[in-house]
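Below: one structure, written as structure tokens.
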Amino acid sequence: MPYDPTKLADWEIAAEAERGMPTPEEWAERLGLRKDEIIPYGRICKLDYLKIYERLKDRPDGKYIEITAITPTPLGEGKTTTTLGLIEGLAKRGMNVGGCIRQPSAGPTFNIKGTAAGGGNALLIPMTEFTLGLTGDIDAITNAHNLAMVAITARLQHEFNYSDEQLAKRGLKRLDIDPRRVEWRWAIDFCAQALRRIIIGIGGKMDGFMMESGFQISVSSELMAILSIVRDLRDLRERIGRITLAYDKRGNPITAEDLEVAGAMAAWMRNTINPTLCCTVEYQPVLVHAGPFANIAIGQSSVIGDLIGLKLFDYHVTESGFGADIGFEKFWNVKCRISGLTPNVSVIVCTIRALKMHGGGPKVVPGRPLAKEYQEENLELVERGLPNLLHHIETVKKSGIKPVVCINRFYTDTDAEVALVKRAAERAGARCAVSEHWLKGGEGALELADAVIEACQEPVEFRYLYPLDMPLRQRVELIAKEVYGADGVSWTPEAEAKAKRFEEEEEFRDYYTMMVKTHLSLSHDPNLKGVPKGWVLPIRDILVFTGAKFLCPMAGDIKLMPGTGSDPAYRRIDIDPDTGQVKGLF
């Protein structure tokens, strides 16, 4: 029987469910894994990706299902909850099913957003391990990232203090790093706005080179972006070596390979290529691997997680960050291009709450009570908000992937509101299912599971939005018009100059386009809800990540170090000193 999430907090449900959680050895038997293919970490384990994939590489892939959403409220619309609920629902139908989700960052976990473990009866366990570091991947990335920063700052000091002859005696040549063009920052996995800009090297000549620096949150590191797309250790090592850490005084890039730190960074990250095995509260297997930003990176779990999941499971479910305009677009045109995999179905999660917001409802603010419009029937607001859902359905259909709309039902939603959404989705050519997985677990997701199973039987005519040889500015124009609904694109002179250079230089022609914009609107303006009309996408800059091979046109500001709010989650997290149990996670 499902737990009662109206009376139990998520951490309490997790504690109860973890009593019957399979051990690593039981998982090995259940999944048909060999003893040397699991790497135990207490009551959870990593899976040895290279060994498992090599053994199963000729096994046919299972069905590949992606979870996305309409443009969300700031509260989120339950993509992870739906991912886990769908896995539970498919298992109730007797399917061999599993999935892969991102590892959460400690920044949002201890700030406002929470753990990203789902919720209610669609929850990932063990919740404490999942939330507090899991098997150490983010720690390894943080250490590898900061080691590169140590290499840069130490080299700056030595080149400032020593002549070319003295450097040569130490086996070094002058790189002539420009301290004003150090691209790398320090990393810490918390939201620490006070560390965005700092001065380092204060003191004497042996205390470092004095310069401006700063911190970014660990999951925004290019190393995390790289982990999410690599296929093996060789790929990881080569990409780390290509990372541009700084530029010299002539404007030439200085890479991790130039600083002779790439090998040591890869050594820190050697075990991160192995996914961690967790499960739902109904004991279906869920891999956890990578946790990149959804703006400057793909914003979803790893290519490795999908490659191995499709061999282990007949139905493999994964999730993309933000709405379909950002997460699904990158899944479609970047992740699938890198992996070579063809998805069968994309589930578009929507809520009555979000549709009401897009229909002109009051502003939704985290930490504040919802307005009465969101808690009472209001068919007019729902109907006015439907164009946002229909826009995302059309985006998915352009890829050739079959869309299934999931109405993630809340207890305040009325039958009339749900019926209105269902009719609109089906008229748009999508299957539509109502799901109550938060309240009822797998039993509440049977309608969704049935719709997904049915959609998976249909052939897929998968196609990318653009060929990889299309010039960068044309790609951006196509994404802006076809995915966001813009009339066109405007470029600042600086951004256009960069775009022309990237188009002209052979090195950048196979780089992936990773758009950077707000997730709270189809446009660049988070205040514009629904489906904005008569607007142009402004590109003000282009970031380049030479290890991941990403070009990131920026349609807005992005902070690589978020800030902690006035009512952070850490105020409510504690331990039971008698048992060691962690309380208050959500």
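Read in order, the letters of the sequence shown are residues 347 to 932 in my numbering.
Don't be surprised by glycine CBs; every beta carbon is placed ideally from N, CA and C.
So which of the options has the shortest CA-CA distance to residue i?
i    : options                   : result
A771 : T758, E729 and E800       : E729
A415 : T892, I694 and P368       : I694
S574 : A901, K905, K895 and D920 : K895
R777 : I921, K702 and I753       : I753
T760 : A779, A797 and Q721       : Q721
Q803 : G790, E726 and P749       : P749
R380 : K676, M367 and D394       : D394
S566 : C625, A355 and A533       : A533
E529 : R376, M557, K515 and T590 : T590
P348 : D553, Y857, G788 and R773 : G788
H865 : K875, T859 and D856       : K875
P813 : E423, S745 and A355       : S745
R543 : M552, M557, D553 and D594 : M557
R401 : N492, I654 and K353       : I654
R341 : I739, I458 and S781       : Shown here, the chain extends from 347 to 932; a query on residue 341 therefore has no answer.
G637 : D483, G705 and R769       : D483
R588 : A612, R596, R809 and G731 : A612
E723 : E850, V829, L766 and D535 : L766
H954 : F891, A841, G831 and P839 : Residue 954 falls outside the range modelled here, since the chain spans only 347 to 932, and no answer is possible.
Going by the beta-carbon positions, is the gap between residue i and residue j smaller than 8 Å?
i    : j    : result
L818 : L897 : yes
C696 : L736 : no
F674 : E412 : yes
A791 : G431 : yes
V663 : I433 : yes
A446 : L633 : The question names Ala, but residue 446 is Cys in the sequence shown. Yes, they are a contact pair.
R585 : G893 : yes
I698 : E763 : yes
S836 : P884 : yes
R531 : S559 : yes
L658 : I390 : no
L868 : T417 : yes
A363 : I487 : no
C625 : M367 : yes
P631 : G444 : yes
I904 : I642 : yes
E423 : A700 : yes
F456 : P914 : yes
T426 : E665 : yes
I747 : V798 : no
V862 : M816 : no
L436 : A779 : no
N489 : K786 : no
M473 : D553 : no
G645 : H635 : no
Look up residue i in the DSSP assignment and give the residues it is bridged to.
i    : result
Q646 : S666
M557 : I546
K929 : D920
D594 : I523
N641 : Paired residue(s): none; N641 is not in a bridge.
A469 : For clarity, residue 469 is Leu in the given sequence; the question names Ala instead. BP columns for L469 point to G464.
Q721 : Per DSSP, none; premise fails for Q721.
I600 : A592
Q562 : A533
L633 : C446 and L623
C696 : I753
V576 : Answer is none; V576 lacks a bridge partner.
Y661 : K409 and V443
V806 : The partner list for V806 (beta bridge, DSSP) is empty, contrary to what the question assumes.
V691 : I411 and K748
Are there any heavy atoms of the ligand MN lying less than 7 Å away from the beta-carbon of residue i, as far as the coordinates show?
i    : result
S745 : In the structure on display, the ligand MN does not appear, and there are no ligands present to speak of.
Does the beta carbon of residue i come closer than 8 Å to any beta carbon on chain B?
i    : result
E804 : Here there is only one protein chain, and chain B is not present.
Self-check item: Secondary structure, alpha helix (DSSP H): runs of 4+ residues fully inside the stretch 824-909
Solution: 839-850
Self-check item: Validate contact between the stretch 543-556 and the stretch 456-466 using beta carbons, cut 8 Å, 3 pairs
Solution: no
Quiz item: Three or more beta-carbon pairs under 8 Å between the stretch 678-694 and the stretch 710-730, yes or no?
Solution: No, because fewer than three Cβ pairs between the stretch 678-694 and the stretch 710-730 fall closer than 8 Å, the two stretches do not touch.
Self-check item: Entirely enclosed alpha helix (DSSP H) segments - the stretch 479-552, minimum 4 residues
Solution: 483-507 and 510-515
Practice problem: Only counting runs of 3 or more residues, tell me where the beta strand (DSSP E) segments fall wholly within the stretch 353-422, in order along the chain. | Solution: 384-387, 390-393 and 409-415
Practice problem: Count the CB pairs spanning the stretch 466-477 and the stretch 515-525 that are closer than 8 Å, and state whether there are at least three. | Solution: no
Quiz item: Are at least three pairs of beta-carbons, each pair with one atom in the stretch 489-505 and one in the stretch 393-410, less than 8 Å apart?
Solution: No: the two stretches stay apart, fewer than three of their Cβ pairs being nearer than 8 Å.
Quiz item: Using 8 Å as the Cβ pair cut-off and three pairs as the minimum, do the stretch 449-460 and the stretch 794-814 touch?
Solution: Segment contact: the stretch 449-460 against the stretch 794-814, fewer than three CB-CB distances shorter than 8 Å; contact not assigned.
Self-check item: 4-residue-minimum alpha helix (DSSP H) runs that sit fully inside the stretch 717-788, ordered along the chain
Solution: Taking only runs of at least 4 residues, the alpha helix (DSSP H) segments lying wholly in the stretch 717-788 are 725-744, 761-773 and 783-786.
Quiz item: On the three-pair Cβ rule with 8 Å, is the stretch 360-378 touching the stretch 595-608?
Solution: no
Quiz item: Do the stretch 907-918 and the stretch 604-619 touch if we need at least three Cβ pairs shorter than 8 Å?
Solution: With the cut-off at 8 Å, the stretch 907-918 and the stretch 604-619 do not touch.
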